[in-house]
Amino acid sequence: MQLLRLGPVGQEIPAVTHDGTTYDLRPLTGDSGDVDGAFLAADGIARTRAALAAGELPVLDGADGLRRGAPIARPTAVVCVGQNYAAHARESGAEPPRLPIIFFKHPNTVVGPDDTVPIPPGADKVDWEVELAIVVGKQASYLPSPEAALAHVAGYTVVDDVSERSWQLDDSLGQWSKGKCGPAFLPTGPALVPADEVDPGTLRLRSWVNGEPRQDSATTDMVFGVAEIVHHLSQYMTLEPGDLICTGTPEGVALSGRFPYLADGDVVEVEIEGVGRQQHRFQASIGSREHDRSPQVPTMSAAAERNLPVG
Numbered sequence: 038m039q040l041l042r043l044g045p046v047g048q049e050i051p052a053v054t055h056d057g058t059t060y061d062l063r064p065l066t067g068d069s070g071d072v073d074g075a076f077l078a079a080d081g082i083a084r085t086r087a088a089l090a091a092g093e094l095p096v097l098d099g100a101d102g103l104r105r106g107a108p109i110a111r112p113t114a115v116v117c118v119g120q121n122y123a124a125h126a127r128e129s130g131a132e133p134p135r136l137p138i139i140f141f142k143h144p145n146t147v148v149g150p151d152d153t154v155p156i157p158p159g160a161d162k163v164d165w166e167v168e169l170a171i172v173v174g175k176q177a178s179y180l181p182s183p184e185a186a187l188a189h190v191a192g193y194t195v196v197d198d199v200s201e202r203s204w205q206l207d208d209s210l211g212q213w214s215k216g217k218c219g220p221a222f223l224p225t226g227p228a229l230v231p232a233d234e235v236d237p238g239t240l241r242l243r244s245w246v247n248g249e250p251r252q253d254s255a256t257t258d259m260v261f262g263v264a265e266i267v268h269h270l271s272q273y274m275t276l277e278p279g280d281l282i283c284t285g286t287p288e289g290v291a292l293s294g295r296f297p298y299l300a301d302g303d304v305v306e307v308e309i310e311g312v313g314r315q316q317h318r319f320q321a322s323i324g325s326r327e328h329d330r331s332p333q334v335p336t337m338s339a340a341a342e343r344n345l346p347v348g
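Residue numbers (our numbering): 38 to 348.
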């Protein structure tokens with residue numbers, strides 16, 4: 038079973054897929070009519086399973102032709118964990134951290150998994166990051182143990198934690214969020230997969246740029262697992278139903294110096310085994326440096342062949 042939101046921006050229809058069929062979830066979503074924190078807090082996943090078993094949900098006609106939106110509506114917070122894969126920490130020039138490194142993305146960065154991502158004006162180090170995202174299902178505050186934390190997880194989804202590295206590392210003075218909050222900088226989805234259908238400790242993560250492989254790792258390389266992350270965060274903040282927690286990315290990003298940064302027209306695909314796959318195109322905004330590129334600027338393939346140093 039997977040929870041979806043399908044349709045034009047701002048008009049998404051909550052849906053659920055089961056055994057190859059997509060059903061309209063609106064009869065179960067209450068006043069909001071959506072898959073959001075209130076739906077999850079009211080045991081929406083269990084109620085969805087019961088409704089499917091009882092045959093109470095109507096088939097959503099034409100679902101295959103609808104845009105895929107982010108599977109969770111209106112998260113109140115997007116909390117992110119940095120350098121949480123040992124190999125990625127080292128390719129970034131650091132050792133794995135002793136405690137989770139935390140930063141935030143603005144909730145309005147959340148867009149659909151296939152939506153176009155604009156390259157902001159002045160941005161020239163835009164990077165990709167495939168990540169497993171936790172969807173919080175119950176309020177979590179001062180949890181007693183990592184073991185208790187998993188009961189507060191509704192499920193998981195896929196995100197691309199898009200980053201502008203100059204703004205993240207040079208302009209932020211240690212606070213990374215400046216480089217993380219560009220418009221559409223968090224393609225999310227396509228689905229929310231219930232927690233009891235996923236083993237978050239054994240998942241394969243991969244990414245591609247223009248069809249060329251970039252990241253290929255597994256959550257076994259995570260420094261802090263899902264239960265540790267949720268427990269740790271609960272000691273410092275109250276997590277609310279519907280919040281997203283991005284758990285970090287593996288090695289193989291442009292920051293490593295092995296690959297060029299993203300340019301106008303590049304297509305990024307990210308995939309997590311058993312959770313989902315997304316594909317989105319990057320498009321230069323009016324006034325961005327990409328619009329001013331001359332033919333003498335190296336292409337992506339040429340830049341890759343030169344083995345660019347760490348940026």
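Glycine included, each C-beta is placed from N, C-alpha and C at the ideal position. Keep in mind it's a predicted model, so treat the numbers as computed, not measured.
In this structure the segment 238 to 256 touches the segment 282 to 296; the number of beta carbon pairs closer than 8 Å is three or more. With a contact defined as Cβ atoms closer than 8 Å, Ala170 and Leu281 qualify at about 5 Å.
Non-local beta-carbon contacts of Leu180 in its own chain, meaning distances under 6 Å to residues more than five positions away in sequence, involve Ala186, His268, Ser271 in chain order.
Apart from the 5 residues on each side of it in sequence, Gln39 sits with its Cβ closer than 6 Å to the Cβ of Thr54, Ala228, Val230 in its chain, given in chain order.
Below 8 Å, too few C-beta pairs join the segment 301 to 311 and the segment 121 to 136 to call them touching: fewer than three.
Bounds of the alpha helix (DSSP H) holding Phe76 are 74 to 78. The three-state secondary structure of Val263, taken from DSSP, is helix. In the structure shown, the three-state DSSP call for Thr58 is strand.
Burial is judged here by how many other beta carbons sit within 10 angstroms of a residue's own beta carbon; Glu234 has fewer than 16 and is exposed. In the displayed model, Trp204 falls within a helix according to three-state DSSP. Two segments are said to touch when three or more pairs of C-beta atoms, one from each, lie closer than 8 Å; by this definition the segment 192 to 206 touches the segment 152 to 171. Collapsing the DSSP output to three states places His269 in a helix. Under the three-state reduction of DSSP output, Lys162 falls in the coil class, being neither helix nor strand.
As a beta-bridge residue in DSSP terms, Glu168 pairs with Val196.
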